[in-house]
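Position 218 of the sequence shown, counting from 1, maps to 213 under the working numbering, and the rest follow consecutively.
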Amino acid sequence: MKFYLDEGIVLKGSDFGEGHRLLTIITKELGKIKAVAYGAKKVKSKKRGALLEFSRTNIYLRQSNDYFIVEQAEGREYFPNLYGNKELLDAAGQIAWLTDRFWPLGQLNPKLYNWVLYSLRLLNSGVWPRIVLRNFELKLLAFTGFRPITTHCAVCRKPYRGEVWYFGAGEGGIVCPSCRPEEGIYFEIFPEVVKGMNALLLASPEKLPELLLDERVVDRVRTILEYFLGYQIGEPIRLI
Ligand SMILES: [Zn+2]
């Protein structure tokens, strides 16, 4: 039997049996795992608060065949503002859902782990949720191998110089007018949208609150990402 001490964030949980929880957790050293927490729903259980969705927790795990058992959990960082506000809770839920869809079980992804943590902190501290979400979605794509091409045509590699171009999900980024096929779904994009997308893609967590972006630009980025993320997982999705 193997024991581990790791740091993790609970993405989702469901009840089963008498007061037990089945959890999907992203961790620093074991990657994404599924774990069982026996008795986690009991009022006196120490695990109860520590294993709340979105909290950052030290977890003592025991591996049993193909799943993990939570032996102990000790909360390290909580985001209390998320639970009292529907908009913030929905935003955190969207981050968790997308992370779960794009991060395969058992795989390590420390960069994505950190970005989930930064994004929850930013939401909790009152940064405009739509900015936090768009930044997160672009980072998620970048850290899972789908970083959108935004500096040159994804087909002929011609550098982008601020014209009206198109975004193609299959091409993985922006496409110049001569490379755009007649058929298929392409989003017209303007220089300020490409600029906004690059700013969101490159922003560090410290700089994100200072980013000044027009609401229409952020909305256009949302429409494009909604289609692009859905394309990658093979089903249409709705983003907040
Ligand atoms: Zn081209």
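The beta carbon of each residue, even a glycine, is placed where N, CA and C say it ideally should be.
**Message:** Within the continuous beta strand (DSSP E) that includes K248, where are the two ends?
**Reply:** The question about residue 248 has no answer, for the chain in this structure spans -4 to 235.
**Prompt:** How would the residue list near ligand 1 read, in chain order, if you kept each one whose beta-carbon is closer than 7 Å to any heavy atom?
**Reply:** Residues close to ligand 1 by the beta carbon criterion (under 7 Å to any non-hydrogen atom) are, from first to last along the chain, C148, V150, C151, K153, V170, C171, S173 and C174.
**Request:** Could you check the C-alpha separation between K134 and I180 for me, to the nearest Å?
**Result:** Distance between the alpha carbons of K134 and I180: 23 Å.
**Asked** When the Cα atoms are used, what is the spatial distance from I4 to L17?
**Response** The straight-line gap from Cα to Cα measures roughly 14 Å.
**Prompt:** What alpha helix (DSSP H) runs, 4 residues minimum, are completely inside the stretch 89 to 172?
**Reply:** You should have 105 to 119 and 124 to 138.
**Prompt:** So what does DSSP say about N53, is it helix, strand or coil?
**Reply:** Strand, per DSSP.
**Item:** Proximal residues to Y55 (C-beta, below 6 Å), its chain only, five neighbours per side dropped
**Value:** Around Y55: L0, E66 and Q67.
**Prompt:** How big is the Cα-Cα spacing for Y62 and K29?
**Reply:** Going from the Cα of Y62 to the Cα of K29 covers about 6 Å.
**Asked** Near A198, what residues of its chain come up, given a Cβ to Cβ distance below 6 Å and the 5 sequence neighbours on each side ignored?
**Response** Cβ contact annotation for A198 (same chain, cutoff 6 Å, sequence separation greater than five): N130 and L206, in chain order.
**Prompt:** Does DSSP put D85 in a helix, in a strand, or in coil?
**Reply:** DSSP places D85 in helix when its eight states are reduced to three.
**Request:** Take L196 and list the residues in its own chain whose beta-carbon comes closer than 6 Å to its own, dropping the five residues that flank it on each side.
**Result:** Spatial neighbours of L196 in its own chain (CB-CB distance under 6 Å, excluding positions within 5 residues in sequence) are listed in chain order as L133.
**Request:** Give the C-beta separation of D95 and L6 to the nearest angstrom, bearing in mind that I take them to be a contact with Cβ-Cβ under 8 Å.
**Result:** That belief holds up - the Cβ atoms of D95 and L6 are roughly 5 Å apart, short of 8 Å.
**Message:** Quick check on the burial criterion: 16 or more other C-beta atoms within 10 angstroms. Buried or exposed for I184?
**Reply:** Buried, because 16 or more other Cβ atoms sit within 10 Å of the Cβ of I184.
**Asked** When you compare only the Cα positions, how much space is there between E13 and A35?
**Response** Cα-Cα distance, rounded: 10 Å.
**Request:** Output the boundary residues of the beta strand (DSSP E) element that contains I64.
**Result:** From DSSP, the beta strand (DSSP E) with I64 extends over Y62 to E72.
**Prompt:** When burial is assigned at 16 or more other CB atoms within 10 Å of the CB, is I20 buried or exposed?
**Reply:** Classification for I20: buried.
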